[in-house]
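Chemist: Encoded as structure tokens, here's the structure I'll be asking about.
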Amino acid sequence: MDIRRRPYVRALLAGVTVGATSGIGSSTPKFSPKAMTESGPVSGVQVGPTNVYKGIPYAKQPIDDRRWRPPEIPAEWDGILEATEYGPECVQSGGLSQITGGDSSGISGSEACLNLNVWTPVDATSDDPRPVMVWIHGGGYTTGNNRYDSRTLSAFGDVVVVAINYRLGPFGFFTHPDLLAENSRNVNQGYQDIRAALRWVQRNVRAFGGDPDNVTVFGESAGGNAVLTLMTDPETEGLFHRVICQSGPAISDLSTREEAAEAGVAIATELGCTGRDAAGCLREKSPEAILNAGSSNSSGNGVLDGPLGVVVDGEVIVENPARRFFDGEFHDVPLLTGGNDDETQLFLLQDAVPTDDAYETAIRERYGELADAVLEAYPAEAYETPKKALIDATTDSAFLCRDRLVAQWIDENGGTVYRYLFDDTPTHPLVALPWFADDVGAYHAAELPYVFGRAVPEGEYAAGQIGSSDRLLSRRIRDYWTTFAETGNPNSDRRPAWPEFTASEQRQIRLTETEVIPQCGTKDECVIWYPGYRRHIGFSED
Numbered sequence: 001m002d003i004r005r006r007p008y009v010r011a012l013l014a015g016v017t018v019g020a021t022s023g024i025g026s027s028t029p030k031f032s033p034k035a036m037t038e039s040g041p042v043s044g045v046q047v048g049p050t051n052v053y054k055g056i057p058y059a060k061q062p063i064d065d066r067r068w069r070p071p072e073i074p075a076e077w078d079g080i081l082e083a084t085e086y087g088p089e090c091v092q093s094g095g096l097s098q099i100t101g102g103d104s105s106g107i108s109g110s111e112a113c114l115n116l117n118v119w120t121p122v123d124a125t126s127d128d129p130r131p132v133m134v135w136i137h138g139g140g141y142t143t144g145n146n147r148y149d150s151r152t153l154s155a156f157g158d159v160v161v162v163a164i165n166y167r168l169g170p171f172g173f174f175t176h177p178d179l180l181a182e183n184s185r186n187v188n189q190g191y192q193d194i195r196a197a198l199r200w201v202q203r204n205v206r207a208f209g210g211d212p213d214n215v216t217v218f219g220e221s222a223g224g225n226a227v228l229t230l231m232t233d234p235e236t237e238g239l240f241h242r243v244i245c246q247s248g249p250a251i252s253d254l255s256t257r258e259e260a261a262e263a264g265v266a267i268a269t270e271l272g273c274t275g276r277d278a279a280g281c282l283r284e285k286s287p288e289a290i291l292n293a294g295s296s297n298s299s300g301n302g303v304l305d306g307p308l309g310v311v312v313d314g315e316v317i318v319e320n321p322a323r324r325f326f327d328g329e330f331h332d333v334p335l336l337t338g339g340n341d342d343e344t345q346l347f348l349l350q351d352a353v354p355t356d357d358a359y360e361t362a363i364r365e366r367y368g369e370l371a372d373a374v375l376e377a378y379p380a381e382a383y384e385t386p387k388k389a390l391i392d393a394t395t396d397s398a399f400l401c402r403d404r405l406v407a408q409w410i411d412e413n414g415g416t417v418y419r420y421l422f423d424d425t426p427t428h429p430l431v432a433l434p435w436f437a438d439d440v441g442a443y444h445a446a447e448l449p450y451v452f453g454r455a456v457p458e459g460e461y462a463a464g465q466i467g468s469s470d471r472l473l474s475r476r477i478r479d480y481w482t483t484f485a486e487t488g489n490p491n492s493d494r495r496p497a498w499p500e501f502t503a504s505e506q507r508q509i510r511l512t513e514t515e516v517i518p519q520c521g522t523k524d525e526c527v528i529w530y531p532g533y534r535r536h537i538g539f540s541e542d
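Count the sequence shown with the UniProt record's numbering and you get residues 1 to 542, in order.
See below:
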């Protein structure tokens, strides 16, 4: 497919890290299915109607001298690889604690983390391949892993699901002048990992019964940002054929290669790597030392768009992806995109906004010269509480209005877009913490259990199973998602019609507990945010 040629504000919030339960549940593995990859045979487990393979390397591990280098094709192995346990997650600190206000000092994971998991229908074969869905997790490019149990999604939609790890934080989004002198592509390493995983899928997924000519990339939060970047990347042509973006900040004020290298020098200086061979010195430092130095030298939230995030380096990422959407420089593949009605509730859980005056103060602190316009567009008296007004304004600013503007640009350049608004309060909240109230609305990442049809992960913050009242909506969402993966269109005779989005009619679908509602038109408030978005990517308001 060709890149089109026709006449993404700074991402404020980190994506949430949500995996899936690692237990087998009531299904017992029956036997060990096999698949032959380019590196050798792998052995998985059958769980009900699904064959499951975990921890398959898709690249050489970026350890020792390969730290901060581009990913390489994996080496062959001897014997059969037992692909029955999740591989290591990539080195990270804090996890969900960074969002919810808990202890973020803990460090987990390994640098030897470039692995993926595959869930495939038991009857899928290379002669009868199924659509492939490649999942890219969220976590602000600093946290997260591929442990999203996709058995239910695979079986329900008759699809092959692949979930990948990629390098994070200062291991995946770091550079330094000495590293660039070694190789001009020693930058945006985590993003390059994602591309390498997609190339692995093209070379190997048929062995798992997947169709390399029908691949959907889908991701949430930072993963949603990544799939939009992939959509504008000249080097990803032919690697995928549909895109699903869930709550991905679509417009970001990305740093440059020079700004990233300057941040790298600051980290190297803190670590004592200031002389000749700074790159070698940095590679001798422990993961803990690098993470600590990266944390102390990050700006803002250190997510998505800072000098320790995705950067426009001119080679790996050639230009701000949102600018490329505006210019029509994107792959001609259909996009399903949207967000949640109360995205920022997750990030504002512990923020007290008890009065209208407190709301006004919060808006003025966040938006400066734009505050008067924001207060007029989102007056506190129009909401049940001042806190809800703040959630609405920040959700529009950081997520929904960015998504809408990019959708407009895609449509105006001849692309195909379907938009949604998720508006359901899960029976069980994402995190089991005493101050996480039951009625928190459709917060950031709330849709994930609905998409996968399974509970949020076990662990420190795990909540309960997906509730019975949520199951109908979960089935509807999985049906839309997998139908889109199969055909490029979410519509079927099984569900309410989903209208295509156009810049003129602004149609979308609203996903709620009791019904699916096609809507025409979205908030007029978005227009107050558009000038800032345009400035982020290099031009002024028309």
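Ideal Cβ positions, reconstructed from N, Cα and C, are used throughout, including at glycine. Only a predicted model underlies this, so the values are computations on that prediction, with no experimental measurement involved.
1. Under three-state DSSP, which class holds E89?
2. Report the rounded CA-to-CA distance for E262 versus T256, giving the unit in angstroms.
3. Indicate the three-state DSSP secondary structure (helix, strand or coil) for H331 in the structure shown.
4. Which one or two residues does DSSP pair with W135 in a beta bridge?
5. Would you mind sorting A352 into buried or exposed? The rule is 16 or more other CB atoms within 10 Å of its CB.
6. Taking DSSP as the reference, what is the three-state secondary structure of T361?
7. Could you tell me whether the region 61-71 touches the region 161-178, using the rule of 3 or more Cβ pairs below 8 Å?
8. Using CA coordinates, which residue listed in E447, R535, A35 and L472 is at the minimum distance from Q246?
9. Going by other Cβ atoms of all chains shown within 10 Å of its Cβ, with 16 needed for buried, is N115 buried or exposed?
10. Use the C-beta contact count for Y231: other C-beta atoms within 10 angstroms, 16 or more gives buried, fewer gives exposed.
11. Mapping the DSSP letters down to three states, classify V406 as helix, strand or coil.
12. Excluding five sequence neighbours on each side, which residues of the same chain lie with their C-beta closer than 7 Å to the C-beta of G190?
13. Is the Cβ-Cβ distance between Y420 and I509 less than 8 Å?
14. On the CB-based measure, 16 or more other CB atoms within 10 Å of its CB, does I80 come out buried or exposed?
15. Assuming Y359 and L390 are in contact, meaning their beta carbons sit under 8 Å apart, how far apart are those beta carbons, in whole angstroms?
16. According to DSSP, is N489 helix, strand or coil?
17. Which residue marks the beginning of the beta strand (DSSP E) containing V42, and which one marks its end?
18. For G538, I'd like the list of residues in its chain whose CB is within less than 8 Å of its CB, leaving aside the five on either flank, ordered along the chain.
19. Considering Cα atoms alone, identify which of F156, D411 and S110 is closest to T120.
20. May I ask which residues mark the beginning and end of the alpha helix (DSSP H) holding Q345?
21. Using the three-state DSSP reduction, which class does I509 fall into: helix, strand or coil?
22. From G40 to N51, what distance separates their C-alpha atoms?
23. For the candidate residues T143, S126, V122 and L153, whose alpha-carbon lies nearest to that of M133?
24. Measuring alpha carbon to alpha carbon, tell me which of S221, I251 and E381 ends up nearest N340.
25. Which residue marks the beginning of the alpha helix (DSSP H) containing R495, and which one marks its end?
26. Given a cut-off of 8 Å on the beta-carbon distance, is the pair P490 and I466 in contact?
27. Rank D332, E315, K60 and R471 by C-alpha distance to the C-alpha of N183 and give the top, closest one.
28. Using only the alpha-carbon positions, how far apart do P234 and W77 sit?
29. Within 8 Å, do at least three Cβ pairs link the region 276-292 to the region 189-207?
30. Exposed or buried, what is T483 when buried is set at 16 or more other beta-carbons lying within 10 Å of its beta-carbon?
31. For residue 546, tell me which candidate among Y530, L405, V42 and G441 has the shortest Cα-Cα distance.
32. In this structure, how does DSSP classify E458 when only helix, strand and coil are distinguished?
33. Determine the DSSP secondary structure at W119, reduced to helix, strand or coil.
34. Is it buried or exposed for R535, if we count other Cβ within 10 angstroms and need 16 for buried?
35. Can you tell me which residues form a DSSP beta bridge with K34?
36. I believe V406 touches F501 by the beta-carbon criterion, under 8 Å. Please report the beta-carbon distance rounded to the nearest angstrom.
Modeler: Reading it off the structure:
1. Assigned with DSSP and collapsed to three states, E89 falls in coil, not helix or strand.
2. Taken atom to atom, the span from the alpha-carbon of E262 to that of T256 is near 10 Å.
3. Three-state DSSP puts H331 in a strand.
4. DSSP lists A163 and F218 as the bridge partner or partners of W135.
5. Under this definition A352 is an exposed residue.
6. When secondary structure is reduced to three states using DSSP, T361 falls in the helix class.
7. Contact between the region 61-71 and the region 161-178 is present, because at least three Cβ pairs lie under 8 Å.
8. Ranked by Cα distance from Q246, the first of E447, R535, A35 and L472 is E447.
9. By the neighbour-count definition (other C-beta atoms within 10 Å, threshold 16), N115 is a buried residue.
10. In the sequence as presented, Tyr is not what sits at residue 231; that position holds Met. Taking all protein chains shown into account, M231 has 16 or more neighbouring C-beta atoms within 10 Å of its C-beta and is therefore buried.
11. The answer is helix: DSSP assigns V406 an H, G or I state.
12. The beta carbon of G190 sits closer than 7 Å to those of Y141, Y166, R167, L168, G172 and F173, all from its chain and outside the five residues before and after it, given in chain order.
13. The Cβ atoms of Y420 and I509 sit closer than 8 Å to each other.
14. It counts as exposed.
15. With a Cβ gap of about 6 Å, Y359 and L390 count as contacting.
16. Reduced to three states, the DSSP call for N489 is coil.
17. Unbroken beta strand (DSSP E) run through V42: G40 to S43.
18. Listed in chain order, the non-local C-beta contacts of G538 below 8 Å within the same chain comprise N320 and R323, local neighbours out to five positions each way being set aside.
19. Cα-wise, what sits closest to T120 is F156.
20. For Q345, no alpha helix (DSSP H) segment is defined, and its DSSP state is neither H nor E.
21. I509 falls in the strand class under three-state DSSP.
22. For G40 and N51, the distance between alpha carbons rounds to 18 Å.
23. Ranking T143, S126, V122 and L153 by Cα distance to M133 puts L153 first.
24. Out of S221, I251 and E381, S221 has the C-alpha closest to the C-alpha of N340.
25. In this chain, R495 is not harboured by any alpha helix (DSSP H), its DSSP state being neither H nor E.
26. No, Cβ-Cβ distance for P490 and I466 is not below 8 Å.
27. Closest in C-alpha terms to N183, from the list D332, E315, K60 and R471, comes E315.
28. When rounded, the distance between both Cα atoms is 32 Å.
29. Put simply, the region 189-207 does not touch the region 276-292. Fewer than three CB pairs are less than 8 Å apart.
30. Burial check for T483: the Cβ neighbour count within 10 Å reaches 16 or more, so the residue is buried.
31. Beyond the ends of the chain as shown, which are 1 and 542, falls residue 546; an answer cannot be given.
32. Reliability of the predicted coordinates at E458 is poor, the pLDDT of 40 falling under 50, and no value is obtained from them.
33. Strand.
34. Counting C-beta atoms within 10 angstroms of its own C-beta, R535 has fewer than 16 neighbours from the protein chains shown and is therefore classed as exposed.
35. Answer is S43, bridged to K34.
36. That belief does not hold up - the Cβ atoms of V406 and F501 are roughly 11 Å apart, past 8 Å.
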